[in-house]
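**Student:**
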Amino acid sequence: MNRTLNERARSMRLNAGLPKTFWADAVNTAAYLINRGLSVPLGFKIPEEEWKVEAVTYDHLKVFGCSAYDLMKDGDKLDAKAKKYTFIGYGADSMGYRLWDFESRKVVRSKHATQKHGKLTESEDTQDSGITEHDVQNDDESEDVHEDAVNNESSEDEEETASPVQPQPVESNWVRRSTRVTKPPEKYDPSVNYLLLTENGEPESYSEAVKLKDSLQWEHAMKEEMGSLNKNKTWELTKLPRDKKALQNKWVFRIKEEHDGSKRYKARLVVKGFQQKKGIDYNEIFSPVVKMTTIRLVLSIVAAEGLHLEQLDVKTTFLHGDLDEDIYMTQPEGFQVVGKEDWVCKLKRSLYGLKQAPRQWYLKFDNFMERTGYRRCEMDHCCYKQMSEEFEMKDLGPAKQILGMSIARNKKDGSLTLSQEKYIGKVVERFKMNDEKTKPRNTPLGSHFRLTKDQSPRSEEEKADMADVPYASAIGSLMYAMVCTRPDIAHAVGVVSRFMSDPGREHWEAVKWLLRYLKGTSKMGLCFKGKDSVLRGYTDADLGGCKKTFKSTTGYIFTMGGTSVSWMSRLQKSVALSTTEAEYMAVAEASKELVWLKTFLEELGKKQADYSLYCDNESAVKLAKNPVYHGKTKHIGMRYHFVRGLISDGTMNLMNISGAKNPADMFTKSVALDKLKFCMTSAGL
């Protein structure tokens with residue numbers, strides 16, 4: 001059976017044009033088909049029918065590696081009704097399908113998938129196809145479940161998935177032509193096959209978790225999660241009312257890497273929130289999230305004043321939120337109460353997966369802070385002690401990471417570095433830029449790139465060439481690095497993101513150039529030094545930077561102690577008729593950010609004598625201070641003139657600066673290497 005499965009799997013994979021990382025799916029599918037074919041040793045009977053005593057159907061079978069389309073439930077009437085995937089096998093559910101999403105690098109389950117005339121996914125080399133072994137193994141990936149996906153995975157269905165190599169008489173007769181019964185090798189168990197595709201060996205369901213060698217660790221993680229749920233009185237068992245529908249749930253498993261390099265098994269019970277109906281199961285769902293600028297501002301103050309930075313983590317955060325709606329959920333798999341298997345859980349507290357879970361947690365936490373007199377913008381260690389009495393918290397010790405960013409503290413000079421070396425390394429590896437032949441670049445975007453929408457695919461051959469290129473996924477990965485710690489790539493990311501709807505080969509080359517730049521600068525980060533914590537702003541504009549719309553690019557950067565805390569690179573909303581107008585509009589945008597930063601700092605008790613904003617266009621500075629050049633500027637929108645009020649009432653001071661000393665230049669155009677190094681140094685990189 002070993003050779004038979006491998007030969008069939010090899011043929012299927014090569015015929016589909018998929019890389020070796022999909023061998024486990026090919027083996028699983030081959031075993032699935034073998035057990036549904038005639039067996040000579042069994043007298044031309046079908047092994048699956050002998051095993052389950054059920055008639056086998058074939059109308060649901062698909063060609064391995066074919067293009068498959070699944071209906072999209074969300075979106076308006078103008079959006080696409082279906083999304084293209086690659087069929088890679090059959091799920092644990094009866095006639096369920098496993099589909100590979102090239103864009104998100106996720107496995108999607110669906111009961112309803114349409115095959116496109118048996119056409120296989122176009123075979124391309126690994127560089128163009130967008131699939132690599134690490135793509136399949138990336139630990140950030142998770143499995144999406146569509147609304148029409150299977151909700152309950154019964155033990156019978158799980159047997160069906162595991163059955164392709166389980167009928168022992170079939171296996172022994174088929175391979176050795178003898179009657180000796182042999183146990184199928186563990187390495188060909190379907191659940192193990194799938195797990196070999198993931199970097200950390202994370203199971204995708206409860207049934208798989210309890211079959212693995214480390215099942216004891218997963219069981220302990222699930223019991224720990226159930227202990228938190230019971231301790232928090234998250235639900236109460238009751239019979240389901242006739243007019244109510246119980247939401248399904250699933251176990252999500254992750255292996256988290258701790259600060260010391262150790263691994264921790266973590267299980268989370270998640271409600272399938274996509275089954276909720278607005279107005280019945282939820283209403284408002286908005287919840288505020290922390291701004292990256294806030295994090296950088298606080299870290300800058302910590303470094304400047306030599307403060308101790310402690311990190312705390314609220315255990316099972318979302319479980320503390322109170323629910324306003326009556327929501328019922330099925331009992332967790334593996335933890336059904338004996339004698340009450342048909343009962344359901346009436347949720348008393350919020351739970352992960354519910355659409356309103358983030359909002360309910362925020363409301364609970366906000367109420368607690370108000371009751372204790374704790375202000376959101378103050379730093380008070382006594383507050384953490386009071387918080388620990390309200391919520392069970394885990395003291396993580398000195399802060400080492402936050403939102404995927406690492407925090408390194410230098411005790412000698414008091415500096416604090418915020419970087420994303422590990423994240424950037426994963427991004428570079430994910431998009432195949434980590435081999436030795438791929439040389440790093442010195443600048444984010446080469447000066448030879450002249451990107452326009454005219455370079456978008458036009459012919460069918462060009463569209464087919466770009467069909468499976470993970471352009472949007474790469475842009476999203478780059479954008480997160482830019483927003484967090486890499487202001488030096490802001491302009492480049494802004495340029496390549498303009499073509500996300502219809503990228504061409506030249507656009508993709510620019511993205512790869514940017515990835516190669518990150519490869520060579522992955523260790524770079526924002527270094528907050530123990531200097532003065534004075535806020536300064538710099539602004540710039542590039543007239544007609546977009547060759548398609550002729551809109552100008554606004555760029556600004558704010559620094560504290562010589563390190564950037566806020567930045568932006570964005571096309572202006574209207575076409576500027578002169579450099580003065582473009583610079584004036586950029587000053588207005590930067591002024592709005594300055595007002596927010598000023599208010600926040602004063603809430604922290606960090607009021608400074610004056611707030612300076614620097615612009616390298618003297619005409620724009622004069623226009624902001626005085627209503628001059630009326631004939632040439634009378635058409636400028638009133639929204640941009642509010643900067644004059646800020647100057648007149650002393651909120652900010654607008655000053656002129658030489659273009660050679662303006663670090664905001666790198667946010668509006670591709671600059672030379674020497675100027676780039678100056679801008680990066682001025683930004684604290």
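Just so we're aligned, residue 1 is where the sequence shown starts under the UniProt record's numbering, counting upward by one.
Glycine is no exception: its CB is placed at the ideal position from the N, C-alpha and C atoms.
Would you check if the stretch 611-626 and the stretch 534-550 touch, i.e. whether three or more CB-CB distances between them fall below 8 angstroms?
**Tutor:** Cβ pair count under 8 angstroms is three or more, so yes.
**Student:** Going by Cα to Cα distance, which pick from Thr452, Tyr556, Gly545, Gly555 is closest to Arg505?
**Tutor:** Per the Cα distances, Thr452.
**Student:** DSSP three-state call for Arg505: helix, strand or coil?
**Tutor:** Helix, per DSSP.
**Student:** What's the call for Glu589, buried or exposed, on a 16-neighbour Cβ count within 10 Å?
**Tutor:** By the neighbour-count rule (16 or more Cβ atoms within 10 Å), Glu589 is buried.
**Student:** Tell me the residue span of the alpha helix (DSSP H) that contains Asn6.
**Tutor:** Start and end: 2-16.
**Student:** Can you tell me which residues form a DSSP beta bridge with Phe87?
**Tutor:** Beta-bridge pairing links Phe87 to Leu99.
**Student:** Out of Gln572, Gly353, Lys244, point me to the one whose CA is closest to Gly321's CA.
**Tutor:** Ranking the options by Cα distance to Gly321, first place goes to Gly353.
**Student:** Could you give the residue range of the alpha helix (DSSP H) that holds Asn28?
**Tutor:** That run of the alpha helix (DSSP H) goes 23-34.
**Student:** At the level of alpha carbons, what is the spacing between Ile424 and Leu518?
**Tutor:** The alpha-carbon atoms of Ile424 and Leu518 are separated by roughly 7 angstroms.
**Student:** For Phe64, count the other beta carbons within 10 Å of its own beta carbon; 16 or more makes it buried, fewer makes it exposed. Which is it?
**Tutor:** So Phe64 ends up on the buried side.
**Student:** Under a three-way DSSP split, which group does Cys484 fall into?
**Tutor:** Three-state result, Cys484: helix.
**Student:** Distance check for Gln275 and Ser569, CA to CA, integer angstroms please.
**Tutor:** One C-alpha to the other measures close to 39 angstroms.
**Student:** Are there 16 or more other CB atoms within 10 angstroms of the CB of Leu38, so buried, or fewer, so exposed?
**Tutor:** Under this definition Leu38 is an exposed residue.
**Student:** Checking the sheet assignment: what are the DSSP bridge partners for Ser533?
**Tutor:** Answer is none; Ser533 lacks a bridge partner.
**Student:** Does DSSP put Trp343 in a helix, a strand or coil?
**Tutor:** Of the three classes helix, strand and coil, the one that applies to Trp343 here is coil, per DSSP.
**Student:** Using a Cβ-Cβ cutoff of less than 6 angstroms, which residues in the same chain neighbour Val145 once the five nearest sequence positions on both sides are dropped?
**Tutor:** Reliability fails at Val145, whose pLDDT of 37 lies under 50, so the model's placement of it is uncertain and the value that follows must be treated cautiously. Cβ neighbours of Val145 beyond the five flanking positions: Arg109.
**Student:** Can you tell me which residues form a DSSP beta bridge with Val595?
**Tutor:** Val595 pairs with nothing; no bridge assigned.
**Student:** Have a look at Trp513 and Asn283 and give me their C-alpha separation to the nearest angstrom.
**Tutor:** Going by the C-alpha atoms only, they are around 45 angstroms apart.
**Student:** List the endpoints of the continuous alpha helix (DSSP H) containing Glu224.
**Tutor:** Counting along the chain, the alpha helix (DSSP H) containing Glu224 begins and ends at 215-231.
**Student:** I'd like the list of long-range same chain contacts for Ile327, defined as Cβ closer than 6 angstroms, with 5 residues on each side in sequence excluded.
**Tutor:** Correct list, in chain order: Asp281, Leu347.
**Student:** Quick check on DSSP: helix, strand or coil for Met568?
**Tutor:** If DSSP states are grouped into helix, strand and coil, Met568 belongs with the strands.
**Student:** Kindly list the residues whose CB is nearer than 7 angstroms to the CB of Glu333, restricted to its own chain and excluding five residues on each side of it in sequence; keep chain order.
**Tutor:** Contacts found: Tyr206, Trp251.
**Student:** Which residues in the same chain have their Cβ closer than 6 angstroms to the Cβ of Asn6, if we skip the five residues on either side of it in sequence?
**Tutor:** Excluding sequence neighbours, Asn6 sits near nothing in its chain.
**Student:** Look at the alpha carbon of Glu219 and the alpha carbon of Ser67, and state the distance between them as a whole number of angstroms.
**Tutor:** Each residue's alpha carbon lies about 37 angstroms from the other.
**Student:** Does Ala304 pass the burial test, meaning 16 or more other C-beta atoms within 10 Å, or should it be called exposed?
**Tutor:** Label assigned to Ala304: buried.
**Student:** Excluding sequence positions up to five away, which residues of its chain have a Cβ less than 7 angstroms from the Cβ of Lys355?
**Tutor:** Gly273, Gln276, Tyr282, Ile285, listed in sequence order.
**Student:** Considering only heavy atoms of the ligand HEM, does any lie closer than 7 angstroms to the CB of Ser501?
**Tutor:** The ligand HEM is absent from the structure shown, which contains no ligands of any kind.
**Student:** Is the stretch 642-662 close to the stretch 442-457, with three or more CB pairs under 8 angstroms?
**Tutor:** No: fewer than three Cβ pairs fall under 8 angstroms.
**Student:** Report the three-state DSSP secondary structure of Met680 (helix, strand or coil).
**Tutor:** In this structure, Met680 counts as helix in the three-state DSSP scheme.
**Student:** Buried or exposed for Met482, please, with buried defined as at least 16 other CB atoms from any protein chain shown within 10 angstroms of its CB.
**Tutor:** By the neighbour-count rule (16 or more Cβ atoms within 10 Å), Met482 is buried.
**Student:** Flag this pair as yes or no: are the beta carbons of Pro503 and Val469 separated by less than 8 angstroms?
**Tutor:** Result yes, Cβ atoms of Pro503 and Val469 sit closer than 8 angstroms.
**Student:** Figure out for me which residue from Gln572, Asn662, Ser670 has the closest Cα to the Cα of Ser447.
**Tutor:** Checked all of Gln572, Asn662, Ser670; the closest Cα to Ser447 is Ser670.
**Student:** So, at 8 angstroms on beta carbons, what are the nonlocal neighbours of Leu515 in its own chain, with the 5 sequence-adjacent residues on each side left out?
**Tutor:** Within the same chain, Leu515 has close Cβ partners Val427, Val428, Phe431, Met433, Ala474, Leu478.
**Student:** What span of residues does the alpha helix (DSSP H) with Gly425 cover, start to end?
**Tutor:** It spans 421-430 - the alpha helix (DSSP H) in which Gly425 sits, taken as one unbroken run.
**Student:** Our contact map puts Val575 next to Lys551 with C-beta atoms below 8 angstroms; I'd like the distance itself, whole angstroms only.
**Tutor:** About 6 angstroms; that satisfies the 8 angstroms criterion.
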